[in-house]
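Residue 10 is where the sequence shown starts when you use the working numbering, and the numbers rise one by one after that.
From the three backbone atoms N, C-alpha and C, an ideal C-beta is built for every residue, glycine too.
Remarks on the structure that follows.
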Amino acid sequence: ITLWFVPAVMAAAALTVIAWLAFGPEPALTRALVAGVAVLIIACPCAMGLATPTSIMVGTGRAADLGILFRKGDALQGLSGVRVVAVDKTGTLTEGRPALTDLVLAEGFERAEVLSLAAAVERASEHPIARAIVDAATAEGAAEQAATAFRSVTGFGAQADIGGREVLVGADRLMAREGVGLGVLAEAGSDLGRVGKTPIYVAVDGRAAAVIAVSDPLKPTTAAAIAGLHRLGLKVAMVTGDNRAAAEAIAAKLGIDEVVAEVPPEGKVAAIDALRAKGGRLAFIGDGINDAPALAHADVGIAIGTGTDVAIESADVVLMSGDLQGVVNAVDISARTMRNIRQNLIWAFGYNVALIPVAAGLLYPAFGLMLSPMLAAGSMAMSSVFVLTNALRLRFVQPVLAEGQMKPAAALRPAAA
């Protein structure tokens with residue numbers, strides 16, 4: 010703007026002086042100087058300089074009041090252009106506190122034995138599902154055994170030697186990789202997945218021993234948040250390393266548009282690229298260490314405030330409330346802030362353009378009126394006051410979702426701020 014605005018104003022001031030000297034009444038020089046100076050003063054772009062930073066400052070401040078931390082100013086602007094919201098499942102859509110719900114045994118194995126072996130492997134793992142298995146074994150009084158040669162296979166599961174027996178605990182793809190046939194347990198695992206539970210298989214010495222079902226309850230606000238995102242016109246996708254059947258069951262319950270399941274941690278970046286290629290600008294929401302690369306790679310990374318420090322540091326936006334209702338509020342505030350910025354810029358530019366002819370003396374031939382430099386300065390200041398007042402209206406933006414309760418449909422559409 011400066012590239013052409015400043016030369017244009019200087020040219021307008023020069024032409025004003027020349028016109029008054031050539032055609033103005035006496036004292037022509039005095040009138041020419043007054044009009045020229047008035048043009049320069051009225052055209053001062055103070056309001057244009059305030060239009061964007063003031064709105065962003067007020068918008069981010071209001072977002073912070075609602076528990077939304079924009080760590081970067083451009084994230085507030087970038088979020089308004091998002092068309093796809095991709096979410097991790099565990100700890101984002103769900104509570105992140107999975108519990109063991111079912112254990113289906115293969116012939117020849119006992120429940121206590123399988124729980125003891127599975128817990129021995131999972132004690133060395135930090136995954137939430139591992140904690141669920143260990144907690145269940147402890148609650149049932151299963152014998153504690155020592156594991157050696159533990160190895161975590163990222164995106165698949167884990168394995169270890171326990172008392173001379175090789176034990177595998179993980180997804181069906183781990184069993185396929187190790188050449189373990191699942192037999193009737195495969196059907197049992199599919200049935201569990203179809204009701205939204207995550208099937209985890211246990212194999213002992215190359216033989217399938219059991220399928221364990223783990224369920225992680227959805228957060229109370231998740232369904233309302235997904236509905237709110239839809240009503241703001243956004244597409245919602247789930248990107249998870251979980252079993253496909255379980256992921257699709259949860260997606261169907263929540264109304265999620267697309268599911269990308271059984272994705273290893275290193276595959277989330279590629280999944281984001283694929284979703285972005287199909288749907289446009291993308292925001293990714295996650296909470297775990299494995300989500301950090303995806304959070305950094307997305308157009309806007311949004312971390313759950315109750316998640317890991319690594320995820321929070323990788324994100325552009327942090328939801329301090331710990332659930333997805335903050336995403337709807339963040340998108341709404343972003344849209345309102347960008348609209349507020351456009352209003353400010355249109356006003357500031359239009360105000361200057363409209364008053365420059367007045368300052369140049371346009372009204373003098375008809376009404377005998379000239380704008381003095383002092384009045385021009387006051388008019389210029391009023392433009393800045395308008396911009397500041399308009400930006401401060403963002404302080405009164407109300408949350409679209411509050412305490413998990415959704416407002417009426419009209420309230421979910423980004424309204425004029």
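query, result
"Start and end residues, beta strand (DSSP E) containing R174", "R174 to G179"
"Where F395 falls: helix, strand or coil (DSSP)", "helix"
"Through-space distance from L88 to A256, alpha-carbon basis", "26 Å"
"I27, DSSP secondary structure in three states", "helix"
"Contiguous alpha helix (DSSP H) assignments of at least 4 residues, all confined to the region 215 to 249", "231 to 240"
"Cβ distance (whole Å) where E408 is taken to contact N338 below 8 Å", "The question names Glu, but residue 408 in the sequence shown is Pro. Contact flag correct, Cβ pair sits at about 5 Å."
"Distance, D181 Cα to V327 Cα", "34 Å"
"Proximity test, Cβ basis, 9 Å: N299 and chain C", "In the structure shown, chain C does not exist; there is a single protein chain."
"Candidates T163, L241 and I365: closest to P274 by CA position", "T163"
"7 Å Cβ shell around A425 - same chain, five flanking residues per side excluded", "For A425, the predicted structure reports a pLDDT of 45, less than 50, and the residue's modelled location is therefore unreliable. A value from the coordinates is still provided. Cβ within range, chain order: R348."
"Whole-number beta carbon distance between M379 and I50, since they are thought to touch under 8 Å", "At roughly 13 Å, the Cβ-Cβ gap does not stay under 8 Å, so I50 and M379 are not in contact."
"Cβ contact check for the region 298 to 314 and the region 55 to 62: 3 or more pairs under 8 Å", "no"
"Distance between beta carbons of A129 and Q154, contact taken as under 8 Å", "4 Å"
"Boundaries (first-last residue) of the beta strand (DSSP E) holding V113", "A108 to L114"
"Simplified DSSP state of V272, which is helix, strand or coil", "coil"
"Cβ-Cβ distance between V272 and A261 below 9 Å", "no"
"Buried versus exposed call for G436 [16 or more other C-beta atoms within 10 Å across all chains shown]", "Shown here, the chain extends from 10 to 426; a query on residue 436 therefore has no answer."
"E119 versus V278 - alpha carbon distance", "41 Å"
"Nearest neighbour of G205, chosen from P62, T110 and L372 [CA to CA]", "T110"
"Beta-bridge pairing of P208 - partner residues as DSSP gives them", "A222"
"Proximity winner among A72, P229, R203 and L227, relative to V340 (alpha-carbon distances)", "A72"
"Buried versus exposed call for D332 [16 or more other C-beta atoms within 10 Å across all chains shown]", "buried"
"Whole-angstrom distance between A22 and P16, CA atom to CA atom", "10 Å"
"Spatial distance of G276 from F395 (CA atoms)", "49 Å"
"Cβ pair A95, A246 closer than 9 Å", "yes"
"Nearest residue (CA-CA) to S392, options I65, A52 and A47", "A52"
"M184, buried or exposed, once every other Cβ within 10 Å from all chains shown has been counted against 16", "buried"
"Pairwise C-alpha distance: T101 and A232", "12 Å"
"For I294: DSSP bridge partner residues", "V96 and I311"
"Residues near A301 by beta carbon distance below 6 Å, same chain, minus five either side", "V319, A320 and S323"
"Nearest candidate by alpha-carbon position, reference T315, set V43, A303, S330 and D325", "S330"
"The region 365 to 373 contacting the region 79 to 87, beta-carbon criterion three pairs below 8 Å", "no"
"Proximity to T103 [Cα-Cα], best of P226, R92 and D325", "P226"
"Cross-strand partners of V213 (DSSP beta bridge)", "V176 and R216"
"Pairwise C-alpha distance: S161 and I294", "25 Å"
"One or two residues paired with V326 in a DSSP bridge", "F79 and I311"
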